[in-house]
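Reading through the structure tokens given below for one structure.
Residue numbers (the UniProt record's numbering): 1 to 200.
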């Protein structure tokens, strides 16, 4: 199978380097030249026609939301994965058309799986409805939903424990149950699932 071609667009060099390190270790991903702002992302997408653009929401000049709309209008087969610091930014990126939006402070190796997942879904779009019908419903308890909502906001276990007035051990137990029910391995994948499926 052809490699997934990815453009990284972020105005922070540290974030770009982290993403390059995480994604560059996967032989199934080809990293294209990066961009430091929204206009650069648009130009690179037009030139290289990548399968995926990883787009920071908040960049100087042309922001990620506007760039996402332009790219998806011109290249509807491209998938945009948003990056955000604030929940408002994540919501705006999703409204702009990003298939998912991840919080920068919880970025980890799970992003490799996310890139492959969004590309696979795009390639299998025709069978999407059938897949959705066959997907078992996930039943989370009210408290598990509360914990998952905080995970999607990028909160750590201590912050979640303080917000819900429970112990960190209880938070960890809830996370173990959430990961098992969702079929995910880490916080990034759980946040992705929650955002995509309207659980938060």
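Glycine included, C-beta positions come from ideal geometry on N, C-alpha and C. Here the structure is a predicted model, which is why all the values come from computation and not from measurement.
{"Item": "Supposed close pair residue 22, residue 6 - CB separation, criterion 8 Å", "Value": "Residue 22 to residue 6, Cβ: 11 Å. No contact."}
{"Item": "Environment of residue 28 [buried if 16+ CB atoms lie within 10 Å]", "Value": "exposed"}
{"Item": "Whether residue 70 touches residue 42 by CB criterion (7 Å)", "Value": "yes"}
{"Item": "Cα-Cα separation between residue 185 and residue 191, rounded to whole angstroms", "Value": "11 Å"}
{"Item": "For residue 167 and residue 114, the rounded distance between their alpha carbons", "Value": "30 Å"}
{"Item": "Identified DSSP bridge partners for residue 31", "Value": "6"}
{"Item": "Every unbroken beta strand (DSSP E) within the UniProt domain \"Response regulatory\" (5-119), with a cutoff of 3 residues, ordered by chain", "Value": "29-31, 52-56, 79-84 and 100-103"}
{"Item": "Euclidean distance between Cα positions of residue 194 and residue 122", "Value": "19 Å"}
{"Item": "Residue 105 and residue 154 closer than 7 Å at C-beta", "Value": "yes"}
{"Item": "Buried/exposed call for residue 50, threshold 16 Cβ in 10 Å", "Value": "buried"}
{"Item": "Coarse secondary structure for residue 167, derived from DSSP in three states", "Value": "coil"}
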